[in-house]
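**Student:** Numbering (full-length UniProt numbering), first residue to last: 1 to 226. We put the CB at the ideal spot given by N, CA and C, even for glycine. What follows is a structure written as structure tokens; I'll ask about it next.
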């Protein structure tokens, strides 16, 4: 018995319904709009976070200057015990004032650095979100290109698919440019801020240690005042 094999052919896609195509295109349009909105929000939040970060850094630097002044005054207080003319009670009062001022400055500094770090982390997170939004937008364009291939030959639908794809693709190019520009500028700014925060923390620890040593030395000196 002889068996005849049939040549397998790739089945041609059946004509889609107008309603089905409109629904599919509507989904892609909505997804593209959602991606653009996510990008816009992420960019706005990244910018706001960087402003918070920079303000926190500025406040932290102000606190460091205040702590440096406290150190200088505390060291000078210990020296005054050698020249006389100042009572022990007056010296103790001044030292107590400097100590209290130092407590307040440390609290202000802690708040400022918390703001700076929170702003830095938030900016980084939103830059990542902006990148994801771009990828989501890219995916919509890729899917529409695939639809163009599938619907090729169906003249009544080719124009609709191509029109939507062309419009969203132009938007995608704008999205890419915006993300690249923001990411490039932000990464450089955040890298610099990270270096600044690390250097600031080291300087703060050094000055703070100096304040504590100066206060201890002043207390010992005041005890010997007659």
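1) Using alpha carbons as the reference points, say which of 111, 149, 181 and 203 lies closest to residue 55.
2) Locate the alpha helix (DSSP H) running through residue 212, then write down its first and last residues.
3) How many angstroms separate the CA atom of residue 193 from the CA atom of residue 40?
4) I'd like to know whether the C-beta atoms of residue 109 and residue 51 end up nearer to each other than 8 angstroms.
5) Within 10 Å of its beta-carbon, does residue 11 have 16 or more other beta-carbons around it, so buried, or fewer, so exposed?
6) Report yes if the CB atom of residue 151 is closer than 8 angstroms to the CB atom of residue 143, and no otherwise.
7) Below 7 angstroms, is the gap between the Cβ of residue 157 and the nearest heavy atom of the ligand SAM?
8) Rounded to whole angstroms, what's the CA-CA distance from residue 229 to residue 57? Just pull it up for me.
9) On a CA-only basis, which of 107, 74 and 102 is nearest residue 91? Give me that one, please.
10) Should residue 302 be labelled buried (16 or more other beta-carbon atoms within 10 Å of its own) or exposed?
11) If residue 71 sits next to residue 180, beta carbons under 8 angstroms apart, how far is it from one beta carbon to the other, in whole angstroms?
12) Is residue 35 closer than 8 angstroms to residue 183 when the C-beta atoms are compared?
13) With DSSP collapsed to three states, give me the class of residue 81.
14) Compare the Cα-Cα distances from residue 27 to each of 220, 218 and 161 and report the closest residue.
15) Residue 152 lies in the alpha helix (DSSP H); which residues open and close that run?
16) Kindly give me the distance between the Cβ atoms of residue 78 and residue 217, rounded to whole angstroms, as I take these residues to be in contact under 8 angstroms.
17) Using the Cα positions of residue 60 and residue 113, report the straight-line distance between them to the nearest angstrom.
18) Taking a contact to mean a Cβ-Cβ separation below 8 angstroms, would you say residue 130 touches residue 46 in this structure?
19) Do the CB positions of residue 100 and residue 222 come within less than 8 angstroms of each other?
20) Note down the Cα distance separating residue 202 from residue 195, rounded to an integer number of angstroms.
**Tutor:** The relevant details are as follows:
1) In the chain shown, residue 55 corresponds to position 55, counting from 1. Ranked by how close their Cα comes to the Cα of residue 55, the residues 111, 149, 181 and 203 have 111 in first place.
2) Numbered from its first residue, the chain shown carries residue 212 at position 212. It spans 155–223 - the alpha helix (DSSP H) in which residue 212 sits, taken as one unbroken run.
3) Locating residue 193 in the chain shown gives position 193, where the first residue counts as 1. Locating residue 40 in the chain shown gives position 40, where the first residue counts as 1. Looking at the two C-alpha atoms, the distance is approximately 24 angstroms.
4) Here residue 109 refers to the residue found at position 109 of the chain shown. Here residue 51 refers to the residue found at position 51 of the chain shown. Taking 8 angstroms as the Cβ cut-off, residue 109 and residue 51 do not qualify as a contacting pair.
5) Taking the first residue of the chain shown as 1, we reach residue 11 at position 11. Caution is warranted here: a pLDDT of 46 is assigned to residue 11, below 50, making its placement in the model unreliable, and no coordinate value can be reported.
6) Locating residue 151 in the chain shown gives position 151, where the first residue counts as 1. Locating residue 143 in the chain shown gives position 143, where the first residue counts as 1. Here residue 151 is not near residue 143, since their CB atoms are 8 angstroms or more apart.
7) With respect to the ligand SAM, the structure offers nothing, as it holds no ligand at all.
8) Residue 229 cannot be examined here, being either before or after the span of the chain that is shown, 1 to 226.
9) Working through the chain shown from its first residue, we reach residue 91 at position 91. Here the closest residue by C-alpha is 74.
10) Residue 302 cannot be examined here, being either before or after the span of the chain that is shown, 1 to 226.
11) One-based indexing of the chain shown puts residue 71 at position 71. One-based indexing of the chain shown puts residue 180 at position 180. In this structure, residue 71 and residue 180 do not form a Cβ contact; the two beta carbons are roughly 46 angstroms apart against a cut-off of 8 angstroms.
12) Translated into the one-based positions of the chain shown, residue 183 becomes position 183. Translated into the one-based positions of the chain shown, residue 35 becomes position 35. Contact flag unset, no.
13) Taking the first residue of the chain shown as 1, we reach residue 81 at position 81. In this structure, residue 81 counts as coil in the three-state DSSP scheme.
14) Stepping through the chain shown from its first residue, residue 27 is reached at position 27. Minimum Cα distance to residue 27 is reached at 161.
15) Here residue 152 is taken as the residue at index 152 of the chain shown, counted from 1. From DSSP, residue 152 is part of no alpha helix (DSSP H); its letter is neither H nor E.
16) In the chain shown, residue 78 corresponds to position 78, counting from 1. In the chain shown, residue 217 corresponds to position 217, counting from 1. The pair is a contact, with the Cβ atoms about 5 angstroms apart (cut-off 8 angstroms).
17) Walking along the chain shown from the start, residue 60 turns up at place 60. Walking along the chain shown from the start, residue 113 turns up at place 113. Going from the Cα of residue 60 to the Cα of residue 113 covers about 6 angstroms.
18) To locate residue 130, count along the chain shown from 1; it is residue 130. To locate residue 46, count along the chain shown from 1; it is residue 46. Cβ atoms of residue 130 and residue 46: closer than 8 angstroms.
19) Working through the chain shown from its first residue, we reach residue 100 at position 100. Working through the chain shown from its first residue, we reach residue 222 at position 222. Not closer than 8 angstroms, so no.
20) Numbered from 1 along the chain shown, position 202 holds the residue referred to as residue 202. Numbered from 1 along the chain shown, position 195 holds the residue referred to as residue 195. Here the alpha carbons of residue 195 and residue 202 stand approximately 11 angstroms from one another.
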